[in-house]
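Notes follow once the structure below has been shown.
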Amino acid sequence: MIKRIQKHIFITILLIFTLFKYDNVYAASGSISVTTSKSSVIVGESITATVTVSSGASIGGWEFSLNYDSSMLRLTSTQHNPHIVDYAANSNTKRASYTYTFSALKTGSTRLSLSGVSLYGWDEKEMQLSLGSRNISIINRPVVNYSTNNFLSSLSVDGYSISPTFKKDVLTYNLEVENDVNKIKVNAAKEDSTASVTGTGERSVSEGMNKIEVKVTAQNGNVRTYVINARVKELEPIEVTIDGKKYTVVRKQEELTMPLTYIERTSTINDEEVPSFYSEFTKFTLVGLKDSEGKIGLYIYDEKDNTYELYNELDFNKLALYIKEPGKSIHIPSGYNKTKITINDTEITAYKFNSKSKYSLIYGMNIETGEEHLYMYDSEENTIQRYNGEEVSEINKKLSDYTVIITSLALFSFISFIIIIFFIIKNRKIIKRV
């Protein structure tokens, strides 16, 4: 009898164990894994980690915590917390992802891992889980030794010889061509393949000196500039001297740029006609002068006195001004001191109330009207507007009037106060006598 009971108990236990095992065999499975955008990251740079929850069956709810070493990584960007408890929106959900961005703090190896994980199917049954983690290597930025070589191995001009003979450490060369030449072809080869060269190919030249620059930039960014001074022969050049510096008069119209409101015409210099520009508004005649480095500028030419003055024109949006020194009849407001400022790489005379102020007064002629005025210039905004002296004077007059009124009221109040004190003291003496 006892043996029969023991047999029944054993069969029952075996049946329960079999059913439990059967249920686990057929339980749905899923995974929660960690992946990263790269396996190694440089200190100071970012790396992205993605936690993915997935299953072949519909998932209903899940939980996990993403673990990381805060001494190695700093969480910089995410729409989620490292600890996630989430649910599916519908029975079609089989996958969910969460993205985290970290900044690498120091060198070494670190690990992204998961803990506190669970995954349930849409049927609310717990799924069998497989977990993933990720190792990350944090390294210093590799030291790259960039080349410093910015030498040329050759420099030449087609059909011509430069002087002196090319040597890589000689930076300046000279060349002379005939008057009818308007283009030359510059050739250059770099000594280091990692360097870059600019300034080669066909280059336009005009009468007089032409400064041609060939720049070599090394891999590390250092620049070396080679210069070819190409002189185009002039037929009896017209030379002028301004402040001890020699210039030649430009005789080709195409080398000059005509300013706004001016028209083309010709002027006679040393019995030779040269191109010039004239404005009915400014009454200026402008001619082109080229300096010893080949730079061309426009100058005001006084045919009567045979003198030249640099034409300084500044453009401010829709306003173009010719900047000049104010005459003795021009009143500069009190407190403003004469100084020099630079606008668009041009140094001009200006007046400032405070040397550190961004505002300056400058005097100039509107080249569209020929009218001359004082202007207020804002160096921060690079803007300009006409200075209204009358309005400022009126404001100063009102301030002066207000000052007089306030002073008078203060004086009246003080005298009244003294009188009141006097009567108080006098009344006290009378009371004591009584």
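Counting from 285, one number per residue, gives the positions in the sequence shown under the numbering used here. Virtual Cβ for every residue (Gly too), placed ideally from N, Cα, C.
Buried/exposed call for residue i, threshold 16 Cβ in 10 Å
i, result
"F386", "buried"
"S563", "buried"
"T478", "exposed"
"S644", "buried"
"I709", "exposed"
"D307", "Low local confidence applies: a pLDDT of 45 at D307 is under 50, so the model's placement there is unreliable, with the coordinate-based value given in what follows. The residue in question, D307, is exposed, as its Cβ has fewer than 16 Cβ neighbours within 10 Å."
"A372", "buried"
"S490", "buried"
"R535", "buried"
"F561", "buried"
"S339", "buried"
"I704", "exposed"
"I300", "The pLDDT assigned to I300 is 44, lower than 50, so where the model puts this residue is not dependable; a value taken from the coordinates is nonetheless given after this. I300 is exposed by the Cβ-count criterion."
"L594", "exposed"
"I512", "buried"
"V427", "exposed"
"A233", "Since the first residue of the chain shown is 285 and the last is 718, residue 233 is not available in this structure."
"K305", "Reliability of the predicted coordinates at K305 is poor, the pLDDT of 42 falling under 50, and the value obtained from them is presented with this limitation in mind. Looking at its Cβ environment, which holds fewer than 16 other Cβ atoms inside 10 Å, K305 is exposed."
"L582", "buried"
"L350", "buried"
"V571", "buried"
"A388", "buried"
"F706", "exposed"
Cutoff 7 Å; reference residue i; Cβ partners in own chain excluding five residues on either side
i, result
"T525", "none"
"G578", "G492, M493, N494, K495"
"K636", "Y620, N621, T623, S644"
"S421", "S323, S324, S393"
"I699", "none"
"N596", "Y606, I607, T630, I632"
"S488", "N466, K467"
Run of the beta strand (DSSP E) containing residue i, from where it starts to where it stops
i, result
"L658", "656-662"
"Y592", "591-594"
"L439", "436-441"
"Y647", "643-650"
"D370", "367-371"
"E665", "Note, E665: premise wrong, no beta strand (DSSP E); not H, not E."
"R425", "Counting along the chain, R425 falls outside any beta strand (DSSP E), and DSSP gives it neither H nor E."
"Q412", "412-415"
"K474", "467-474"
"A514", "507-516"
"E462", "Premise fails: E462 is in no beta strand (DSSP E) and is neither H nor E."
"L343", "Note on residue identity: the sequence assigns Ile, not Leu, to residue 343. Element bounds for I343: 343-351."
"G492", "492-501"
"L359", "357-362"
"S313", "313-320"
"A333", "330-339"
"G485", "485-488"
"S480", "480-482"
"S323", "Run containing S323: none; DSSP gives neither H nor E here."
"T525", "523-526"
Close beta carbons around residue i, own chain, < 6 Å, minus the five adjacent residues each side
i, result
"I679", "Only weak support exists for where I679 lies, its pLDDT of 47 falling under 50; the coordinates are left without a value."
"S480", "T501"
"R418", "V318, T320, L396"
"I632", "I607"
"S447", "N458"
"I616", "Y635"
"D575", "Y531"
"F348", "I316, I368, L398, V401"
"H657", "R670"
"E486", "K467, K469"
"T362", "Y384"
"Y546", "F561, S563"
Own chain partners of residue i with C-beta closer than 8 Å, once the 5 adjacent residues on each side are dropped
i, result
"D734", "Residue 734 lies beyond the range of the chain shown here (285 to 718); nothing can be said about it."
"N471", "S438, L439, S440, V441, D442, T484"
"K567", "G654"
"Y404", "I343, G344, G345, W346, E410, M411"
"T550", "E557, V558, P559, S560"
"S639", "N621, T623"
"Y310", "Confidence at Y310 is low in this model, with a pLDDT of 49, below 50, so its placement is unreliable and no value can be given for it."
"N601", "T667"
Check: What are the complete beta strand (DSSP E) segments, minimum 3 residues, inside the stretch 602-637?
Finding: 603-607, 621-627, 630-636
Notebook entry, point to check: Are the stretch 549-558 and the stretch 621-628 touching by the rule of at least three beta carbon pairs closer than 8 Å?
Noted result: no
Check: Which whole runs of the beta strand (DSSP E) in the stretch 528-599 are 3 residues long or more, in chain order?
Finding: 529-533, 547-553, 556-562, 569-574, 580-586, 591-594
Note to self: For the stretch 457-465 against the stretch 510-518, do three or more pairs of beta-carbon atoms, one drawn from each stretch, fall closer than 8 Å, so that the two count as touching?
What the structure shows: yes
Note to self: For the structure I just gave you, are there three or more beta carbon pairs, one from the stretch 395-412 and one from the stretch 436-448, closer than 8 Å?
What the structure shows: no
Check: Taking one C-beta from the stretch 392-407 and one from the stretch 333-350 each time, how about it: are there three or more such pairs within less than 8 Å?
Finding: yes
Check: Does the pairing of the stretch 524-544 with the stretch 446-458 give three or more beta-carbon distances under 8 Å?
Finding: no
Margin query: Across the stretch 376-384 and the stretch 336-352, are there enough close Cβ pairs to call them in contact, namely three or more that are closer than 8 Å?
Written below: yes
Notebook entry, point to check: Going along the chain, which unbroken runs of the beta strand (DSSP E) with 3 or more residues stay wholly within the stretch 382-409?
Noted result: 392-405
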